[in-house]
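Following: one structure in structure tokens, then a few remarks.
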Amino acid sequence: MPATSRAQQKAAGAALAAKRGDIKKSELQGASIDMYESMSQSELEDLASTSHDDLPGKKN
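Here's what the structure looks like:
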């Protein structure tokens, strides 16, 4: 499942970093907290690995 916006891709990257233990969960904000709690590491990897070159900044 590819990310639909740069914001979603960035939030998934932050949640993935917390899942891997690279950052503390307390450092997460907004959507990345929900992603951390509700998605598996493989789902987060799919979203975070989406190329953001053609993605909009935000999904309207």
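For reference, each letter of the sequence shown is one residue, going 269 to 328 in this note's numbering. Just so you know, even glycine gets a beta-carbon here, dropped at the ideal spot from N, CA and C. The structure presented is a predicted model; accordingly, all values stated were derived computationally and were not measured.
A distance below 8 Å separates the beta carbons of leucine 315 and alanine 271. Looking at the backbone, the Cα of glycine 298 and that of aspartate 322 are separated by about 23 Å. Note on geometry: alpha-carbon atoms of threonine 318 and methionine 303 lie some 16 Å from one another. Put simply, of Lys287, Ser300, Ser306 the residue whose alpha carbon is nearest the alpha carbon of glutamine 277 is Ser300.
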